[in-house]
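Residue numbers (my numbering): 1339 to 1530. The beta carbon of each residue, even a glycine, is placed where N, CA and C say it ideally should be. Structure, as structure tokens:
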């Protein structure tokens, strides 16, 4: 009597391709981290792509910031349709009635079936000196560089990392919102 052949337990697993609508290393790294945390037994290859957000360099307000993130995901899919997921991350600022300015980011994930997952990061208030530079037309990253004597902080720990002395890491800050944006994909049966 012959025994049936055993299947190789380490059968080759196809990597799913995730395209991030930015070449910013923090955005790519946070996306990689979030997808691997949300889908523990799935292999992902995460690549960045320069695409337009179709909004200003410094989005103002929640709607414009969301639109920038959505457009980055959508445009990534248009440019590289061979992917499995497309991600847009857009940082923005918003003023309140008290003339204070907060910073935050929107995250949008689109899959092959055009299902959309979205989430917003926590927000935090900026110091007046930075808010004034932004009101004068400067991007948040450039304002951070000027005030804190840094170079290219937007591709590093950004305002959130600088202002919290590293207690809130920008990669983890984005990754948390990314994981929340992945909820509809992790729970497909109840997000129709």
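Looking at residue 1429 and residue 1501, is the spacing between their C-beta atoms short of 9 angstroms? Counting from one through the chain shown, the residue named residue 1501 turns up at place 163. Counting from one through the chain shown, the residue named residue 1429 turns up at place 91. The answer is no: Cβ separation not under 9 angstroms.
Whole angstroms are fine: how far does the CA of residue 1384 sit from the CA of residue 1291? Given that the chain is displayed from residue 1339 to residue 1530, the structure contains no residue 1291 and the question cannot be resolved.
Specify, as a first and last residue, the run of the alpha helix (DSSP H) that residue 1528 falls within. Taking the first residue of the chain shown as 1, we reach residue 1528 at position 190. Where residue 1528 is concerned, there is no enclosing alpha helix (DSSP H), given that its DSSP letter is neither H nor E.
Could you name the residues of the same chain whose beta carbon sits closer than 7 angstroms to that of residue 1391, not counting the 5 residues immediately before and after it, in chain order? Here the question's residue 1391 lines up with position 53 in the chain shown. Answer for residue 1391: 1406, 1409, 1410 and 1428, listed in chain order.
Residue 1389 in three-state terms, based on DSSP: By one-based count along the chain shown, residue 1389 stands at place 51. Coil, per DSSP.
What are the boundary residues of the alpha helix (DSSP H) that includes residue 1456? What you label residue 1456 is simply residue 118 of the chain shown in a count that begins at 1. It is not in any alpha helix (DSSP H) - residue 1456 instead sits in the beta strand (DSSP E) that spans 1454 to 1458.
Leaving aside the five residues before and after residue 1414 along the sequence, list all residues of the same chain whose C-beta is less than 6 angstroms from its C-beta, in chain order. Position 76 of the chain shown holds residue 1414. Closer than 6 angstroms at the Cβ level, and outside the excluded window around residue 1414, lie 1357, 1359, 1387, 1389 and 1424.
Note down the Cα distance separating residue 1496 from residue 1365, rounded to an integer number of angstroms. Translated into positions along the chain shown, residue 1496 becomes position 158. Translated into positions along the chain shown, residue 1365 becomes position 27. About 11 angstroms.
Could you pull out every residue in the same chain whose Cβ sits closer than 7 angstroms to the Cβ of residue 1353, ignoring the five residues on either side in sequence? Position 15 of the chain shown, counted from the first residue, corresponds to residue 1353. Once the five neighbours on either side are set aside, the close Cβ partners of residue 1353 are 1381, 1382 and 1383.
Around the C-beta of residue 1393, are 16 or more other C-beta atoms found within 10 angstroms, so that it is buried, or is it exposed? Locating residue 1393 in the chain shown gives position 55, where the first residue counts as 1. Classification for residue 1393: buried.
Beta strand (DSSP E) containing residue 1505: first to last residue? Translated into positions along the chain shown, residue 1505 becomes position 167. Counting along the chain, residue 1505 sits inside no beta strand (DSSP E), nor does DSSP assign it H or E at all.
Look at the Cβ atom of residue 1468, then the Cβ atom of residue 1485, and state whether they are nearer than 9 angstroms. Here residue 1468 is taken as the residue at index 130 of the chain shown, counted from 1. Here residue 1485 is taken as the residue at index 147 of the chain shown, counted from 1. In this structure, residue 1485 lies closer than 9 angstroms to residue 1468 by Cβ.
For residue 1368, tell me which candidate among 1527, 1508 and 1412 has the shortest Cα-Cα distance. Here residue 1368 refers to the residue found at position 30 of the chain shown. For the residues 1527, 1508 and 1412, the minimum Cα distance to residue 1368 belongs to 1508.
Proximity of residue 1521 and residue 1511 at Cβ, strictly below 9 angstroms: As a position in the chain shown, residue 1521 is number 183, starting the count at 1. As a position in the chain shown, residue 1511 is number 173, starting the count at 1. Their beta carbons are not under 9 angstroms apart, which means residue 1521 does not touch residue 1511 by this criterion.
Expressed to the nearest angstrom, what Euclidean distance is found between the alpha-carbon atoms of residue 1417 and residue 1450? Against the chain shown, residue 1417 aligns to sequence position 79. Against the chain shown, residue 1450 aligns to sequence position 112. Straight-line Cα distance between these residues: approximately 14 angstroms.
Alpha-carbon spacing of residue 1475 relative to residue 1397, whole angstroms: The residue you call residue 1475 lines up with position 137 of the chain shown. The residue you call residue 1397 lines up with position 59 of the chain shown. Rounded to the nearest angstrom, the two C-alpha atoms are 11 angstroms apart.
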